[in-house]
Amino acid sequence: MDRLAAMEAFVRVVDAGSFSGAAKQLRLGQPAVSKTVAQLEDRLGVRLLLRSTHRLMPAEAGRNFYDRAKRAIEQADEAELAARGGALKLSGRLRVCGPLTFTRVHVMPALSIFLTEHPSLDIDVVLEDSDIDLIAAGIDVALLIGRLADSAATARKIGQCQRRVIGTPRYFEAKGRAANPRRPARASGHRLPAARWWRSLGGNHRYREWVCSGQR
Numbered sequence: 296m297d298r299l300a301a302m303e304a305f306v307r308v309v310d311a312g313s314f315s316g317a318a319k320q321l322r323l324g325q326p327a328v329s330k331t332v333a334q335l336e337d338r339l340g341v342r343l344l345l346r347s348t349h350r351l352m353p354a355e356a357g358r359n360f361y362d363r364a365k366r367a368i369e370q371a372d373e374a375e376l377a378a379r380g381g382a383l384k385l386s387g388r389l390r391v392c393g394p395l396t397f398t399r400v401h402v403m404p405a406l407s408i409f410l411t412e413h414p415s416l417d418i419d420v421v422l423e424d425s426d427i428d429l430i431a432a433g434i435d436v437a438l439l440i441g442r443l444a445d446s447a448a449t450a451r452k453i454g455q456c457q458r459r460v461i462g463t464p465r466y467f468e469a470k471g472r473a474a475n476p477r478r479p480a481r482a483s484g485h486r487l488p489a490a491r492w493w494r495s496l497g498g499n500h501r502y503r504e505w506v507c508s509g510q511r
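Going by my numbering, the first residue of the sequence shown is number 296, and it counts up by one from there.
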């Protein structure tokens, strides 16, 4: 039996003056509320409510228990609100890692606003294009572009990346076209510049980064 839930059921019954009224407030069935209060009485070993066909009222032990139970419920609600409020105020050190260009374009400009909202938070930004051991590096949040390897980390997709193979007609006449434009690095004999576009976190802003892939 959930002690706090049982106390709340009892308090609601006393306030409403009936099991049916308490059941409506708690959005439960009347038999469930009645059973909960009966279990509470069995646990305490005292009669909390005096029942008759026409009225329901707390017994002497019920009146004493009502005051303490209501105070306990109010304190529990206050503690929950305080905990939620504390969770909204971030503090300590947050270590963030991301690709150099993407982080500079999309993350760094927003950091000043984020830190204004959370002045007790210190942020370390690691700009790294290569794969690193996030745990060994002490990274709390990582922005990764590409396929996610098997990992116990929690991941969420926030955008998408597209790759395009670009070359002049003369180049393709001399080298031929890549067998798989989506994987230019596997095109033997090619050294192709590939342009990547990233759409920022659901917005319409884009940026372009040039990379070289394939064999020399």
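Note that the Cβ used here is the ideal one computed from N, Cα and C, for glycine as well.
By Cβ distance, which residues of its chain are closer than 6 Å to residue i, with the 5 residues on each side in sequence left out?
i, result
"residue 422", "395, 398"
Going by beta-carbon coordinates alone, are residue i and residue j separated by less than 9 Å?
i, j, result
"residue 438", "residue 393", "yes"
"residue 331", "residue 301", "yes"
"residue 391", "residue 436", "yes"
"residue 342", "residue 356", "yes"
Among the options, which one has its Cα closest to the Cα of residue i?
i, options, result
"residue 424", "412, 431, 441", "441"
"residue 353", "416, 308, 466", "308"
"residue 348", "469, 355, 313, 389", "313"
"residue 306", "337, 326, 359, 324", "359"
"residue 414", "389, 400, 329", "389"
"residue 418", "385, 430, 400, 321", "385"
"residue 326", "304, 337, 361", "304"
"residue 449", "365, 430, 338", "430"
Along the alpha helix (DSSP H) that carries residue i, what are the first and last residues, could you check?
i, result
"residue 393", "Residue 393 -> not in any alpha helix (DSSP H); beta strand (DSSP E) instead, spanning 387-393."
"residue 306", "298-311"
"residue 465", "464-470"
"residue 338", "325-339"
Over what stretch of residues does the beta strand (DSSP E) that includes residue i continue unbroken?
i, result
"residue 418", "416-422"
"residue 351", "351-353"
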